[in-house]
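K.L.:
Numbering (this note's numbering), first residue to last: 4 to 293. Mind having a look at this structure? Questions to follow.
This is how it looks when you write it as structure tokens:
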């Protein structure tokens, strides 16, 4: 018995089979594996015509066999889940969680993130810091154990950090304003204001600002000022040192009316100064009549 695959001998063996005329028999031989695709198989019994037969032309047969490839089991791709949208500030870490991704017939072997600003990372749970404000599309691509992939996206909204930076500690001590003591004066009386007792422990006072409470001001250290009407006035002194630090002090000035002007020669008789001259003339002429 001899067998060829596409003209190449695959089996060549000997055996004894006794067949009565007109009968048939089954002959078993080693299993031969056909390659994938079409193969021309030729089988010959007594290919060398060692056995004398009446018909030597019917000892072989040729047939083409087609072998299909073994189908690959179908794979369901994974389902990516990039998680919820995010809002954050510039410079603050943002955490993305893709652990909600699934694969119905296998396992997810790779998580690949694209943060939309040129940054990327690998892993189910990752963090990223954005350096500029904006709206970013974040992509997660997952790969399963069969190589199939799936992608999901989330939105990251990043805004400016409005936190006011903490100013560096200052070593400058502010000045101490001293406007003196409260004052009592008369209308029109010149008052001497003195800021010379104001001090600055670690520098110098470079500016003096007085507010006399009657819409009058001065930037002198020791100004003179008078009030035109009686009343109680709030006087504010603000001093500024060489580092721009300020301090203020407040005093009160009580301004009274002028004393009444007496009429000379009339004991105990006084009238306001504004009427003094007229009263004096009246008194003089009245005495002459008497």
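We put the CB at the ideal spot given by N, CA and C, even for glycine.
Applying the criterion that 16 or more other CB atoms from any shown protein chain within 10 Å of the CB defines a buried residue, is residue 144 buried or exposed?
P.N.:
Within the chain shown, numbered from 1, the residue matching residue 144 stands at position 141. Buried, since its Cβ has 16 or more Cβ neighbours within 10 Å.
K.L.:
Tell me whether residue 53 is buried or exposed, calling it buried when 16 or more other Cβ atoms sit within 10 Å of its Cβ.
P.N.:
Numbered from its first residue, the chain shown carries residue 53 at position 50. The residue is exposed, with fewer than 16 neighbouring Cβ atoms inside 10 Å.
K.L.:
Take residue 195 and list the residues in its own chain whose beta-carbon comes closer than 7 Å to its own, dropping the five residues that flank it on each side.
P.N.:
In the chain shown, residue 195 corresponds to position 192, counting from 1. Its chain contains 225 and 227 as the residues whose beta carbon lies nearer than 7 Å to that of residue 195, once the 5 sequence neighbours on both sides are disregarded; these appear in chain order.
K.L.:
Report yes if the CB atom of residue 109 is closer than 9 Å to the CB atom of residue 149, and no otherwise.
P.N.:
Taking the chain shown and counting its residues from 1, one reaches residue 109 at position 106. Taking the chain shown and counting its residues from 1, one reaches residue 149 at position 146. The answer is yes: Cβ separation under 9 Å.
K.L.:
Which of the three DSSP states is assigned to residue 53 in this structure?
P.N.:
Here residue 53 is taken as the residue at index 50 of the chain shown, counted from 1. Look at residue 53 here: in three-state DSSP terms it is coil, with no helix or strand label.
K.L.:
If you draw a straight line from the alpha carbon of residue 211 to that of residue 180, how long is it in whole angstroms?
P.N.:
Numbered from 1 along the chain shown, position 208 holds the residue referred to as residue 211. Numbered from 1 along the chain shown, position 177 holds the residue referred to as residue 180. Distance between the alpha carbons of residue 211 and residue 180: 9 Å.
K.L.:
What residue does the beta strand (DSSP E) around residue 66 start on, and which one ends it?
P.N.:
Indexing the chain shown from 1 puts residue 66 at position 63. That run of the beta strand (DSSP E) goes 63–70.
K.L.:
In the structure shown, what three-state DSSP assignment does residue 14 receive?
P.N.:
Counting from one through the chain shown, the residue named residue 14 turns up at place 11. Strand at residue 14.
K.L.:
Bridge partners for residue 164 per DSSP, in chain order?
P.N.:
Residue mapping note: residue 164 aligns to position 161 of the chain shown, counting from 1. None, per the DSSP bridge assignment.
K.L.:
Can you name, in chain order, every residue of its own chain whose Cβ lies under 8 Å from the Cβ of residue 184, other than the five neighbours on each side?
P.N.:
Working through the chain shown from its first residue, we reach residue 184 at position 181. Correct list, in chain order: 254.
K.L.:
Please work out which residues of its chain come closer than 8 Å, Cβ to Cβ, to residue 233, disregarding the five sequence neighbours upstream and downstream, and give them in chain order.
P.N.:
Translated into the one-based positions of the chain shown, residue 233 becomes position 230. Closer than 8 Å at the Cβ level, and outside the excluded window around residue 233, lie 190, 258, 259 and 260.
K.L.:
Please report the distance separating the alpha-carbon of residue 206 from that of residue 246.
P.N.:
Mapped onto the chain shown, residue 206 falls at position 203. Mapped onto the chain shown, residue 246 falls at position 243. Each residue's Cα considered, the two are about 8 Å apart.
K.L.:
Since residue 244 contacts residue 203 with CB under 8 Å, what's their CB separation in whole angstroms?
P.N.:
Against the chain shown, residue 244 aligns to sequence position 241. Against the chain shown, residue 203 aligns to sequence position 200. Correct: roughly 5 Å between the Cβ atoms.
K.L.:
For residue 34, which option in 13, 40 and 43 has the closest C-alpha, if you only look at C-alpha atoms?
P.N.:
In the chain shown, the residue the question calls residue 34 occupies position 31. Closest by alpha carbon: 13.
K.L.:
Below 9 Å between beta carbons: does that hold for residue 83 and residue 104?
P.N.:
Residue mapping note: residue 83 aligns to position 80 of the chain shown, counting from 1. Residue mapping note: residue 104 aligns to position 101 of the chain shown, counting from 1. Taking 9 Å as the Cβ cut-off, residue 83 and residue 104 qualify as a contacting pair.
K.L.:
Tell me the residue span of the beta strand (DSSP E) that contains residue 112.
P.N.:
On the chain shown, residue 112 is found 109 positions in, with the first residue counted as 1. DSSP places residue 112 in the uninterrupted beta strand (DSSP E) bounded by 111–117.
K.L.:
If you run the structure through DSSP and keep just helix, strand and coil, what is residue 100?
P.N.:
Taking the chain shown and counting its residues from 1, the one referred to as residue 100 is at position 97. DSSP places residue 100 in strand when its eight states are reduced to three.
K.L.:
Assuming the contact rule is C-beta atoms closer than 8 Å, residue 229 and residue 192 should be a hit. Round their C-beta distance to whole Å, please.
P.N.:
Taking the first residue of the chain shown as position 1, residue 229 is located at position 226. Taking the first residue of the chain shown as position 1, residue 192 is located at position 189. Rounded, the Cβ-Cβ distance is 6 Å, consistent with contact.
K.L.:
Applying the 10 Å Cβ sphere with the 16-neighbour rule, what's the burial state of residue 201?
P.N.:
In the chain shown, the residue the question calls residue 201 occupies position 198. Classification of residue 201: buried, given that the 10 Å Cβ count is 16 or more.
K.L.:
Once you ignore the five residues that flank residue 235 on each side, which residues in its own chain have a CB closer than 8 Å to its CB?
P.N.:
Against the chain shown, residue 235 aligns to sequence position 232. Counting only Cβ-Cβ distances below 8 Å, and skipping sequence neighbours, we find 255, 256, 257 and 258.
K.L.:
Taking only the alpha-carbon atoms, compute the straight-line gap between residue 248 and residue 118 and give it to the nearest angstrom.
P.N.:
Residue 248 sits at position 245 when you count from the first residue of the chain shown. Residue 118 sits at position 115 when you count from the first residue of the chain shown. Distance between the alpha carbons of residue 248 and residue 118: 48 Å.
K.L.:
In or out: residue 128 buried (at least 16 other Cβ within 10 Å) or exposed?
P.N.:
On the chain shown, position 125 is the one that residue 128 refers to. Classification for residue 128: exposed.
K.L.:
Can you tell me the Cβ-Cβ gap for residue 81 and residue 157, rounded? I've got them flagged as a contact below 8 Å.
P.N.:
For this step, residue 81 is matched to residue 78 along the chain shown. For this step, residue 157 is matched to residue 154 along the chain shown. Not really, about 17 Å apart at Cβ, beyond 8 Å.
K.L.:
What distance in whole Å lies between the Cβ atoms of residue 133 and residue 70, which are believed to be in contact at a cut-off of 8 Å?
P.N.:
The residue labelled residue 70 in the question sits at position 67 within the chain shown. The residue labelled residue 133 in the question sits at position 130 within the chain shown. At roughly 58 Å, the Cβ-Cβ gap does not stay under 8 Å, so residue 70 and residue 133 are not in contact.
K.L.:
Answer with buried or exposed for residue 240, where buried requires no fewer than 16 other C-beta atoms within 10 angstroms of its C-beta.
P.N.:
The count along the chain shown starts at 1 and reaches residue 240 at position 237. That one is buried.
K.L.:
Considering only their Cβ atoms, is the gap separating residue 178 from residue 262 smaller than 9 Å?
P.N.:
Within the chain shown, numbered from 1, the residue matching residue 262 stands at position 259. Within the chain shown, numbered from 1, the residue matching residue 178 stands at position 175. No Cβ-Cβ contact shorter than 9 Å links residue 262 with residue 178.
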